[in-house]
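To keep things clear, I will list the structure first and then write my remarks on it.
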Amino acid sequence: MLFIGMLPYYRDEPPDLSKPGDPHGLIAPFARRDYYRAAVDRLKAIRDRIFKNSGLKKKNVRIFCNSRIPEKLLAAAAGCGVYGKNGLIMTRKTGSLCILAGIIMDHPLHLGGTQKPGTIIRPEKAEKKLKESGFPLCGSCTRCIEVCPTGAITAPAVINRKLCLQSLATVQEELGMPVMQTWGYMIYGCQICQEVCPLNSTPVIGISNTTGVLGPSISLRELLSLSRDSLSKRIQGTVLDRTWIDPLVLYRNALIAAGNRGRKYLTPLVTPYLGHEQSWIRSAARYAAEKLR
Ligand code: SF4
Ligand code: SF4
Numbered sequence: 000m001l002f003i004g005m006l007p008y009y010r011d012e013p014p015d016l017s018k019p020g021d022p023h024g025l026i027a028p029f030a031r032r033d034y035y036r037a038a039v040d041r042l043k044a045i046r047d048r049i050f051k052n053s054g055l056k057k058k059n060v061r062i063f064c065n066s067r068i069p070e071k072l073l074a075a076a077a078g079c080g081v082y083g084k085n086g087l088i089m090t091r092k093t094g095s096l097c098i099l100a101g102i103i104m105d106h107p108l109h110l111g112g113t114q115k116p117g118t119i120i121r122p123e124k125a126e127k128k129l130k131e132s133g134f135p136l137c138g139s140c141t142r143c144i145e146v147c148p149t150g151a152i153t154a155p156a157v158i159n160r161k162l163c164l165q166s167l168a169t170v171q172e173e174l175g176m177p178v179m180q181t182w183g184y185m186i187y188g189c190q191i192c193q194e195v196c197p198l199n200s201t202p203v204i205g206i207s208n209t210t211g212v213l214g215p216s217i218s219l220r221e222l223l224s225l226s227r228d229s230l231s232k233r234i235q236g237t238v239l240d241r242t243w244i245d246p247l248v249l250y251r252n253a254l255i256a257a258g259n260r261g262r263k264y265l266t267p268l269v270t271p272y273l274g275h276e277q278s279w280i281r282s283a284a285r286y287a288a289e290k291l292r
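The opening residue of the sequence shown carries number 0 in numbering that gives the first Met the number 0; numbering runs sequentially from there.
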C-alpha cells in the first residue's frame, strides 16, 4: 500500500532580510524551515494510527521523504500530480511548491485514496487519467526552460544536475565562471524555474512550521565569520543539517554571493578564504575578491 502526502511550504515572508551594510545570502522557500522533518512527524502520527488499527508492525511500514525512493514517480503513479517540464510533480492545489512524503507498507490497506487496494498502478496511466479530468498541465508553456539561468532543463522534465544550481549548491567542487556569474546571492536553494511557473501562481496556505527555522536569508558577514564548529551549530536541526551537505559548501556559496553582492566592505571577510585548504573554496574566494575589487 502506498500513501503519499504533500506539505505546501510557506512563502508569505520577505525573501531577503539584508540591511544597509549587512547584505545577506538567500535561502529558497522550501529550505527556510525543515518541512521534511515536519512531514515525517505528521506521517509518524498516521503510521501510529495504522499500527493501532491494523496490527501491523514497524517492519511492515516505511516512511519516506527526501529519500532515495523515487518519490516523484510514486506520486505520479498514485495520481497525486503530473510531471511538469521543470521536472517536478505538479499537484492540483499547490503546483510544485510542496514537499512530497509518503508511507509504503507491505499490506493492502485502503485509506480512502483514488486507487482500490491491490491495484497495480503505472505513472503513465495515472497521468492519462488526470489529464482527462482537466488537471492543470504545462501545455505549450516553456517558461521554466527559458528562464533557467544555466540551461539546466535540457528537455521537458529532463534536468542536467551538473548544470542545475540547486544540485551544485551541495557539491564539493570548483564551480566554473559562468555558474558563479549566474549564481546570484544564493546560499542554498534555486527555485527560479518554480517562481515563474503559472501553475504555481495561485497562493496556497503553506505550513509555517517552527521546525528547523533558517529564515529567508543569512547575513554574509555572520556566515563568513563563523568557525567550522560554530557553522555546524548554526545549521543544526535545519534542512542544511544533512549528512550529504558538508557545511564547507556554505562558505563557498556565501563567497560567491558576497562577490555578486559587489560590496567592497565585504573584502576583509573574503580574504582569509584565499588561503583555504580546499582548492574549490579558494577558487570561490578568488572570484569574490576579484568582483569586490
Ligand atoms: S533549480 Fe534553478 S538551475 Fe535548477 S533547473 Fe530550476 S532554475 Fe534551473
Ligand atoms: S513554467 Fe510552464 S512549462 Fe514549466 S512547469 Fe510551469 S507550466 Fe510547465
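Positions of the beta carbon are idealized from the N, C-alpha and C atoms, including for glycine.
Item                                                                                                                                                               : Value
List the residues that DSSP assigns as beta-bridge partners of Val-81.                                                                                             : Met-89
Which residue wins for smallest C-alpha separation from Leu-96, given the options Asn-252, Gly-4, Trp-243, Leu-254?                                                : Gly-4
Which whole-angstrom value is the C-beta distance of Tyr-250 and Tyr-272, which I expect to be below 8 Å?                                                          : 7 Å
Count the other CB atoms, across all protein chains shown, that sit within 10 Å of the CB of Trp-182; report buried if there are 16 or more and exposed otherwise. : buried
Would you give the residue range spanned by the beta strand (DSSP E) that Leu-25 belongs to?                                                                       : 23-26
Going by C-alpha to C-alpha distance, which of Pro-28, Pro-19, Ala-288, Ser-224 sits closest to Pro-13?                                                            : Pro-28
Give, in chain order, every unbroken run of the beta strand (DSSP E) that is at least 3 residues long and sits entirely within the segment 197-243.                : 216-218
Taking only three categories from DSSP, how would you classify Arg-292?                                                                                            : coil
Is it the case that the Cβ atoms of Asn-208 and Asp-11 are separated by a distance below 9 Å?                                                                      : no
Which stretch, first to last residue, makes up the beta strand (DSSP E) that contains Arg-36?                                                                      : Per DSSP, Arg-36 belongs to no beta strand (DSSP E); it is in the alpha helix (DSSP H), 34-53.
Using DSSP with H/G/I as helix, E/B as strand and the rest coil, what is Lys-1?                                                                                    : Sequence inspection shows Leu at residue 1; the Lys mentioned does not correspond to that position. Strand at Leu-1.
What number of angstroms, rounded off, separates the C-alpha of Asn-259 from the C-alpha of Arg-160?                                                               : 23 Å
How is the alpha helix (DSSP H) around Val-195 delimited, first residue to last?                                                                                   : Per DSSP, Val-195 belongs to no alpha helix (DSSP H) and is neither H nor E.
Whole-angstrom Cβ separation of Ser-216 and Ser-17, contact assumed at under 8 Å?                                                                                  : 7 Å
Just verifying my parser: in three-state terms, what is the DSSP assignment at Cys-143?                                                                            : helix
According to DSSP, simplified to helix, strand and coil, what is Tyr-8?                                                                                            : strand
Check whether the segment 81-90 touches the segment 139-156, taking contact to mean three or more Cβ pairs, one atom from each stretch, closer than 8 Å.           : yes
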